[in-house]
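**Student:**
Numbering (the numbering used here), first residue to last: 60 to 228.
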């Protein structure tokens, strides 16, 4: 595993290389990297002695953002959940739209708070992010979670992906 700080340097190198090029004295902006992927997300939850793991696989799209990268995919369930995970520098942003709606930013070494909405109503989501790690085809982050000021457990989310022949989303 490469610490996020090392991966950040690689992201910067890619961004510097893609800004623009010149063709017949005309400056042309180069489009950001964007390609379809097959991804796997494993969410591990530890609460005292209980340990649970939830896995999902989906087709998605990996793309560059202004200051990092993002994965966009549909989490298939009874009702699909549109999910985007963005990472840059020392933070991860998780956006979900559908029967579960949330926008939460995980910042390394900090406690953050946001709203979480589901069929059970609205709740306050608080996290204390312990790790954020990224390599070329893998990212992982770990955080302590509290919902409505009650401890829920220690969560680890690991995403792996590989380029796909599908159209992505």
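Built from N, CA and C at the ideal position, the CB exists for glycine as well.
(1) Output the residue ranges of the alpha helix (DSSP H) runs that lie fully inside the segment 115-173 and measure 4 residues or longer, sorted by chain position.
(2) Could you check where the beta strand (DSSP E) with residue 209 kicks off and where it finishes?
(3) Using only the alpha-carbon positions, how far apart do residue 192 and residue 107 sit?
(4) Quick one: measure Cβ to Cβ for residue 219 and residue 98, integer angstroms, because I've assumed they're closer than 8 angstroms.
(5) Just the Cα atoms here: how many angstroms apart are residue 159 and residue 222?
(6) With residue 101 as the anchor, note down where its beta strand (DSSP E) starts and where it stops.
(7) When you compare only the Cα positions, how much space is there between residue 115 and residue 127?
**Tutor:** The relevant details are as follows:
(1) Within the segment 115-173, there are no complete alpha helix (DSSP H) runs of at least 4 residues.
(2) Here the beta strand (DSSP E) through residue 209 covers 209-222.
(3) Each residue's alpha carbon lies about 24 angstroms from the other.
(4) With a Cβ gap of about 7 angstroms, residue 219 and residue 98 count as contacting.
(5) Straight across, the Cα-Cα distance linking residue 159 with residue 222 is about 28 angstroms.
(6) First-last of the beta strand (DSSP E) with residue 101: 93-106.
(7) As the crow flies, the alpha-carbon of residue 115 is around 24 angstroms from that of residue 127.
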